[in-house]
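The listed protein sequences derive, respectively, from chains X and Z.
The first sequence begins at 1392 in the working numbering and counts up by one.
The second sequence begins at 29 in the working numbering and counts up by one.
Encoded as structure tokens, the structure appears first; notes follow it.
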Amino acid sequence: MTTAKAPAKAQQTNYAGFLAGLAIVVILAFIARWLKIQIYGVSLPLGIPGRALEYPLWAAIVGLILNWILKTANVYDAVKSGFRTELFLKVGLVLLGTTISFRTIVTAAAGAIIQALILVTCVYFFCWWLSGKYGLPDTLRAVMSTAIAICGVSAAIAAAGSVLAKKEEITYITALVIITALPLMVIAPLLAGAMGLPEPIAGAWFGGNVDTTAAVVGAGTMYGKTAQQIASIVKQTQNALIGVVAFLLALYFSVVVEGKKERPSAAVIWQRFPKFVLGFIVASLLFTFGWIAKDPGAAITAMKDWAFCLAFVCMGLELSVGQIKKMGWNPIIVYLIVTVFNTVLALIVAWAIFGWLFPAKL
Amino acid sequence: MNVKINEDWLAVIIAFGLMILAMVGVIAPSWMKF
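Below is the structure:
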């Protein structure tokens, strides 16, 4: 009797922890929204207008503060199952589809595909080469290169599955991704503003250089509506390449590194394809055909902002620096050098493609 | 029975569920104001 009750009790605890975590995220999202409203009309020191500090920043900050409090109080593990960055982000991205015409997606995606192919190839192989020079293990090199070249956390997990990386390598790269993406989410829009980048080019730049999709959307949101839309399209196009890279990595590690004769199936390309992108496209078609009226459209746009806000809160909550200390400095140096390389290259490519080759008009 | 659903599809289901609720007027813009 006792053994049958034990798993049931553990499951109840899991549900309770999940609900408690979810409640924390929702409360923090309300706090972030409240902070945004308080600061919005205020002029801050150094002449920074309050409206420049959009909700992604507040959401990440309150998430980081509670992250520290929960860990200090030793209750973080009990509630962390409610922190669902990727889920909230994907819900927000599908809802974002209802605000973008399909024509814009097609126009921006044409440029985004070229940009993604250039950036993913150059950044991946630069990172692979540099991490080899620093003597990192092949599995870590593959996970890191994919994370920087494609889209941070999900790409790292996909690559880790293909190359059978160690669990600590995934958590390590995940922590590095969030640590660099959070400041980039704030710095990139400031730099874009200082350079006077038009919103489509800025959006394409954020989509190409900020490592995780949540931070890309955050940077775009802080720069403007058009920047948010283009950044999301560019990043989702890049994300769609996860499957292809996961397949090629599995092939390389299986045949070249491990010397096996059997080859991995190309079905992995579909398995790793981010299916929510299909939802984003269908949502955009609904909008394009005029099936979403004004009032429901306003409600959906607001829900999209709530979903993103929940994702940004979770991003702050999920940051973990413990793993970084264990791996030493070499991976951090490689990661930072490649991030700078990615940032500069993405700016040049975004300018060339979205400013000249495929200027996106919204 | 423990049914597992891919997070991508779950996000699509939630998003379209919310969209339908907004389109039939169950969720009003004033409630959701961000």
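Quick reminder that beta carbons are idealized off the backbone N, C-alpha and C, glycines included.
Is Z/Met29 close to chain X, meaning its C-beta is less than 8 Å from at least one C-beta of that chain? Here the question's residue 29 of chain Z lines up with position 1 in the second sequence. In this predicted model, Z/Met29 has a pLDDT of only 49, less than 50, meaning its place in the structure is not dependable; the value taken from the coordinates is given anyway. Z/Met29 does not count as touching chain X.
To be precise: take each residue of the region 33 to 45 of chain Z, compare its Cβ to all Cβ atoms of chain X, and keep it if any distance is under 9 Å. Which residues remain? Asn34, Glu35, Asp36, Trp37, Leu38, Ala39, Val40, Ile41, Ile42, Ala43, Phe44
Checking contacts by CB at 8 Å: is X/Ile1672 closer than that to chain Z? Within the first sequence, residue 1672 of chain X is the residue found at index 281, counting from 1. No, its Cβ sits nowhere closer than 8 Å to a Cβ of chain Z.
Assign X/Thr1463 to buried or exposed, taking buried as 16 or more other Cβ atoms, counted over all protein chains shown, within 10 Å of its Cβ. Taking the first residue of the first sequence as position 1, residue 1463 of chain X is located at position 72. The residue in question, X/Thr1463, is exposed, as its Cβ has fewer than 16 Cβ neighbours within 10 Å.
Suppose the cutoff is 7 Å on Cβ atoms and the five residues either side in sequence are ignored; what does the same chain contact list for X/Ala1507 look like? Looking up residue 1507 of chain X in the first sequence gives position 116. Cβ within range, chain order: Thr1628, Gln1629, Leu1632.
Return the CA-CA distance between X/Ser1545 and X/Ala1538, expressed in angstroms with no decimal places. Here residue 1545 of chain X is taken as the residue at index 154 of the first sequence, counted from 1. Here residue 1538 of chain X is taken as the residue at index 147 of the first sequence, counted from 1. Using only the alpha carbons, I get a separation of about 8 Å.
On the DSSP letters alone, give me the boundaries of the alpha helix (DSSP H) that X/Cys1513 sits inside. Position 122 of the first sequence, counted from the first residue, corresponds to residue 1513 of chain X. Segment 1493 to 1524, the alpha helix (DSSP H) holding X/Cys1513.
Check whether X/Ala1550 and X/Ala1533 have beta carbons under 8 Å apart: Taking the first sequence and counting its residues from 1, one reaches residue 1550 of chain X at position 159. Taking the first sequence and counting its residues from 1, one reaches residue 1533 of chain X at position 142. Their beta carbons are under 8 Å apart, which means X/Ala1550 touches X/Ala1533 by this criterion.
Please report the residue range of the alpha helix (DSSP H) in which Z/Val37 lies. As a first step, residue 37 of chain Z must be located in the second sequence, where it is residue number 9. Contrary to the premise, residue 37 of chain Z reads as Trp rather than Val in this sequence. From DSSP, the alpha helix (DSSP H) with Z/Trp37 extends over 35 to 51.
Could you tell me whether the Cβ of X/Phe1667 comes closer than 8 Å to any Cβ of chain Z? Walking along the first sequence from the start, residue 1667 of chain X turns up at place 276. Yes, because at least one Cβ of chain Z sits closer than 8 Å to the Cβ of X/Phe1667.
Going by beta carbon distance, what residues of the same chain come within less than 8 Å of X/Gly1688, once the five residues before and after it are set aside? The residue labelled residue 1688 of chain X in the question sits at position 297 within the first sequence. Cβ neighbours of X/Gly1688 beyond the five flanking positions: Thr1489, Thr1490, Phe1678.
If I measure Cβ to Cβ from X/Leu1601 and keep anything under 7 Å in the same chain, skipping five residues before and after, which residues do I get? As a first step, residue 1601 of chain X must be located in the first sequence, where it is residue number 210. First, the amino acid is wrong: residue 1601 of chain X is Val here, not Leu. Contacts found: Ala1572, Leu1575, Met1576, Ala1579, Val1607, Ala1610.
Distance between beta carbons of Z/Ala43 and X/Val1668, contact taken as under 8 Å: If you number the first sequence from 1, residue 1668 of chain X lands on position 277. If you number the second sequence from 1, residue 43 of chain Z lands on position 15. The pair is not a contact, with the Cβ atoms about 12 Å apart (cut-off 8 Å).
If you run the structure through DSSP and keep just helix, strand and coil, what is X/Ser1434? Residue 1434 of chain X sits at position 43 when you count from the first residue of the first sequence. X/Ser1434: strand per DSSP, three-state reduction.
Under 8 Å between C-beta atoms of X/Ala1556 and X/Val1511: What you label residue 1556 of chain X is simply residue 165 of the first sequence in a count that begins at 1. What you label residue 1511 of chain X is simply residue 120 of the first sequence in a count that begins at 1. Result no, Cβ atoms of X/Ala1556 and X/Val1511 do not sit closer than 8 Å.
X/Met1586 burial status per 10 Å Cβ neighbour count (16 or more: buried): As a position in the first sequence, residue 1586 of chain X is number 195, starting the count at 1. Classification of X/Met1586: exposed, given that the 10 Å Cβ count is below 16.
Once you ignore the five residues that flank X/Tyr1726 on each side, which residues in its own chain have a CB closer than 6 Å to its CB? As a first step, residue 1726 of chain X must be located in the first sequence, where it is residue number 335. Within the same chain, X/Tyr1726 has close Cβ partners Leu1567.
Contact between the region 1447 to 1456 of chain X and the region 1418 to 1433 of chain X (3+ Cβ pairs under 8 Å): yes
Buried or exposed (CB count within 10 angstroms, at least 16 for buried), X/Asp1468: If you number the first sequence from 1, residue 1468 of chain X lands on position 77. With fewer than 16 other Cβ atoms within 10 Å, it is exposed.
Test item: CB-CB of X/Val1794 and X/Asp1529 under 8 Å: Beyond the ends of chain X as shown, which are 1392 and 1753, falls residue 1794 of chain X; an answer cannot be given.
Tell me the residue span of the alpha helix (DSSP H) that contains X/Ala1658. Position 267 of the first sequence holds residue 1658 of chain X. Element bounds for X/Ala1658: 1658 to 1662.
Output yes or no for whether 8 Å exceeds the beta carbon distance between X/Gly1598 and X/Thr1617. The sequence position of residue 1598 of chain X within the first sequence is 207, counting from 1. The sequence position of residue 1617 of chain X within the first sequence is 226, counting from 1. No, Cβ-Cβ distance for X/Gly1598 and X/Thr1617 is not below 8 Å.
Any beta carbon of chain Z sitting closer than 8 Å to that of X/Lys1471? Residue numbering aside, residue 1471 of chain X sits at position 80 when the first sequence is read from its first letter. No, X/Lys1471 lies away from the interface with chain Z (no Cβ there is under 8 Å from its Cβ).
Using 8 Å as the threshold, is the C-beta distance between Z/Ile33 and X/Ala1690 below it? If you number the second sequence from 1, residue 33 of chain Z lands on position 5. If you number the first sequence from 1, residue 1690 of chain X lands on position 299. Against a cut-off of 8 Å, the Cβ pair of X/Ala1690 and Z/Ile33 comes out as no contact.
State the Cα-Cα distance for the pair X/Phe1474 and X/Cys1705, rounded to the nearest angstrom. As a first step, residue 1474 of chain X is located in the first sequence; it is residue number 83 there, counting from the start. As a first step, residue 1705 of chain X is located in the first sequence; it is residue number 314 there, counting from the start. Rounded to whole angstroms, X/Phe1474 to X/Cys1705 spans 5 Å at the Cα level.
Amino acids of chain Z, ordered along the chain, whose beta-carbon sits closer than 9 Å to that of X/Ala1618: Residue mapping note: residue 1618 of chain X aligns to position 227 of the first sequence, counting from 1. Neighbours of X/Ala1618 on chain Z: none; closest Cβ ~18 Å, over 9 Å.
By the DSSP assignment, the alpha helix (DSSP H) with X/Lys1626 in it spans what residues? Translated into the one-based positions of the first sequence, residue 1626 of chain X becomes position 235. Where X/Lys1626 is concerned, the enclosing alpha helix (DSSP H) stretches over 1616 to 1630.
Do we get a CB-CB distance below 8 Å when we pair X/Glu1477 with the residues of chain A? Absent from the structure is chain A; the protein chains it does hold are X and Z.
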